[in-house]
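For this note's numbering, add 57 to where a residue sits in the sequence shown, where the first one is 1.
Glycine included, C-beta positions come from ideal geometry on N, C-alpha and C.
Below is one structure, written out as structure tokens; comments come after it.
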Amino acid sequence: IVQRVPVKIVFDQKDMQRLSGRLVPGMSVVAEIDLRQKAEATRTAAK
58 IVQRVPVKIV FDQKDMQRLS GRLVPGMSVV AEIDLRQKAE ATRTAAK
């Protein structure tokens with residue numbers, strides 16, 4: 058299933074100069090999200 062999700066990506070000026078002309082509207086990405094959390098990170102977020 059193809060799903061389009063609008064996102065906003067902000068680049069530093071240095072990155073924009075390096076990526077100029079390589080990023081264009083309509084590009085695709087395959088995203089992976091790691092939902093595993095380390096125990097310490099979970100405890101910190103709960104405080």
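For the set D72, G78, P82, the Cα lying nearest the Cα of P63 is the one of P82. Taken atom to atom, the span from the alpha-carbon of I90 to that of I58 is near 17 Å. For R75, the enclosing alpha helix (DSSP H) has its first and last residue at 70-76.
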